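Some notes on the structure that comes next.
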Amino acid sequence: METIQFTREEKANMTTHIPAHALAIGLLSIFTMNSAIAADGPISDISGFPSSATTITFDKLSIPNGTFITDQFSSLGVTFNGTQVYLVSKCDELNTGMSDRCMVNQYISSSESCSTFGSILFNEPTTMAGFNVSTADLESTRLTALLDGNVVDTQVVDTSFNDAYFLGFENSDGFDELKIEIIPDLDTNNATKCVLIDNLTFINPSSTIQVNIDIKPGSHPNNINLDSAGATPVAILGSDTFDVNDIDTNSLSLGSAGVKTVGKKDKSLCSLADVSGDFSIEPAGLPDGYNDLVCHFVTISVVPEEGNTSATLSGNLLDGSAIEGSDNVNIVP
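Per the numbering used here, residue 1 is the first one in the sequence shown, and the count goes up by one each step.
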């Protein structure tokens, strides 16, 4: 595949070109003001990831240096499709932000130029991913997020050798590929196209915690009139392995409906009560001695799943871990 190269002037005129320092300062301020606010677009700081996110430092597996990397990390959720991508050691000695081992697009004993890095492929679409990247000074990195081969977002950032920048994306629609391209500075002798990456961090959908919920506790079937001006109660069931006190009530939604609030301070209308048990253990769903979290959702905003047969609750724990649960509903006029 022919590599497209750009002059300094062409790179300067790119509408998507973002100076790394400006990107870091601007986006870091967003995360500092409110790390809970999700905003689709480029990210430049690892601190915005929830604690449940997966981070691969490339020290995790006992793989010899110089190994051509393809699917060795598939058990952790990613594969690589570069023409020659290898593991090397001592990355942290010269590159701030790297761990001991990282990936490079050149064989460790080769004197040939670095190859095209290729892409990071996620086993499942993710909504947030990024990594530390280091290149030769005066080069730029173009990072493109794709879903099923279609471009979701792209950015071009000036990168350097000694300081590893963190580059990535957050996108609520998801993406399953991050394509890495190096734009060399053709006005210098540094046009190597070499790139080191480390600390690959992403939200793994399979890490979402599944919770049991009971829509309209004590009612069967769970009739919902979407034209109602009222609220629909939903119990998130506690158990010996799940403490509902760990739930961030402000993050909860039922379909597109948020938790109803009361008072001047927007206090979430939620309460603790043992209203139901695990229906897979007790078919009647009788109280089981564990507190449940009962929250009331604005009925008119509830969007049921296709067929109007179920609705899904989603949200986060206080540590940022994602939770999700579904229950049957019966939409009535």
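Quick reminder that beta carbons are idealized off the backbone N, C-alpha and C, glycines included. On a predicted model such as this, the values are computed, not experimentally measured, just so you know.
To which residues of the same chain is residue i closer than 8 Å at the C-beta, ignoring the five residues directly before and after it?
| i | result |
| --- | --- |
| Thr67 | Tyr86, Leu87 |
| Leu317 | Ile209, Asp246, Ile247, Asp248, Ile323 |
| Asn328 | Ile215, Pro221, Asn222, Thr309, Ser310 |
| Thr299 | Ile224, Asn225, Leu226, Ser228, Ala229, Gly230, Ala231, Thr232, Ala257 |
| Asn65 | Tyr86, Leu87, Val88, Ser89, Arg101, Ile108 |
| Asp319 | Pro50, Ser51, Ser52, Asp246 |
| Leu147 | Pro125, Asp173, Gly174, Phe175, Asp176, Glu177 |
| Met103 | Phe58, Ile69, Phe80, Val85, Tyr86, Leu87, Val88, Leu196, Ile197, Asp198 |
| Ile203 | Phe49, Pro50, Ser52, Ala53, Thr54, Thr126, Thr127, Met128, Ala129, Ala322 |
| Val211 | Ile236, Leu237, Phe242, Leu313, Ile323, Glu324, Gly325 |
| Leu269 | Ala231, Val259, Lys260, Thr261, Val262, Cys295, His296 |
| Ile213 | Val234, Ala235, Ile236, Leu237, Leu313, Gly325, Ser326, Asp327 |
Could you say which of the options lies nearest to residue i if we only look at CA atoms?
| i | options | result |
| --- | --- | --- |
| Leu254 | Leu269, Thr232, Ile183, Asn105 | Thr232 |
| Glu124 | Ser268, His296, Thr299, Phe175 | Phe175 |
| Tyr290 | Leu143, Ser160, Thr241 | Thr241 |
| Asp71 | Phe122, Glu93, Ser134, Ser44 | Phe122 |
| Val275 | Asp292, Lys260, Leu269, Ser326 | Asp292 |
| Met98 | Leu252, Asn132, Asn81, Asn105 | Asn132 |
| Thr54 | Ile69, Ser75, Gly41, Pro42 | Ser75 |
| Val244 | Asp198, Ser321, Val195 | Ser321 |
| Pro205 | Ser251, Val78, Asp198, Gly41 | Val78 |
| Gly325 | Ser301, Lys260, Phe297, Ala235 | Ala235 |
| Phe169 | Thr312, Leu313, Gly41 | Gly41 |
| Thr159 | Val302, Glu139, Pro184 | Glu139 |
| Gly218 | Leu286, Thr312, Ser239 | Leu286 |
Mind reading off the beta-carbon distance from residue i to residue j? Whole number of angstroms is fine, and I expect it under 8 Å.
| i | j | result |
| --- | --- | --- |
| Ser62 | Thr83 | Wrong, their Cβ atoms sit about 24 Å apart, outside the cutoff. |
| Ala145 | Asn162 | About 27 Å; that fails the 8 Å criterion. |
| Lys179 | Ser113 | Incorrect: roughly 19 Å between the Cβ atoms, too far for contact. |
| Val157 | Leu167 | 6 Å |
| Leu201 | Ile46 | According to the sequence displayed, residue 201 carries Thr and not Leu. Right, their Cβ atoms sit about 6 Å apart. |
| Asn81 | Cys194 | Rounded, the Cβ-Cβ distance is 18 Å, inconsistent with contact. |
Sort out for me which residues DSSP pairs residue i with in a bridge.
| i | result |
| --- | --- |
| Asp176 | Answer is none; Asp176 lacks a bridge partner. |
| Thr144 | Thr154, Lys179 |
| His296 | Pro233 |
| Gly238 | For Gly238, which the question treats as bridged, DSSP gives no partner whatsoever. |
| Thr126 | Phe175 |
| Thr70 | Answer is none; Thr70 lacks a bridge partner. |
| Val133 | Tyr165, Ile197 |
| Leu138 | Partner(s): none; Leu138 has no beta bridge. |
| Ile63 | Note: Ile63 sits in no beta bridge, so no partner. |
| Asn223 | Asn330 |
| Gly118 | Ile180 |
So, at 6 Å on beta carbons, what are the nonlocal neighbours of residue i in its own chain, with the 5 sequence-adjacent residues on each side left out?
| i | result |
| --- | --- |
| Arg101 | Phe58, Asp59, Leu87, Ser89 |
| Val332 | Asn223, Asn225 |
| Ser134 | Asn95, Phe161, Ala164, Leu196 |
| Gly238 | Val244, Tyr290, Asn291, Asp292 |
| Thr312 | Ser326 |
Between which two residues does the beta strand (DSSP E) carrying residue i extend?
| i | result |
| --- | --- |
| Leu198 | According to the sequence provided, residue 198 is Asp. The question's Leu does not apply to it. Looking at the DSSP string, the run of the beta strand (DSSP E) that includes Asp198 is 195-202. |
| Ser251 | 247-254 |
| Ser314 | 310-317 |
| Leu76 | Per DSSP, Leu76 belongs to no beta strand (DSSP E) and is neither H nor E. |
| Pro184 | From DSSP, Pro184 is part of no beta strand (DSSP E); its letter is neither H nor E. |
| Ile46 | That residue, Ile46, is in no beta strand (DSSP E); it is neither H nor E in DSSP. |
| Tyr86 | 86-88 |
| Ser271 | 270-273 |
| Val104 | 102-104 |
| Glu324 | 322-328 |
| Thr55 | 54-56 |
| Asp214 | 213-215 |
Give every residue of the same chain whose Cβ lies closer than 7 Å to the Cβ of residue i, excluding the five residues on either side of it in the sequence, and list them in chain order.
| i | result |
| --- | --- |
| Ser271 | Val294 |
| Gly315 | Ile247, Asp248, Ser251, Leu252, Ser253, Ile323 |
| Val151 | Thr144 |
| Asp92 | Met98, Ser99, Asp100 |
| Val302 | Ile224, Leu226, Thr232, Leu254, Gly255, Ala257, Ala311 |
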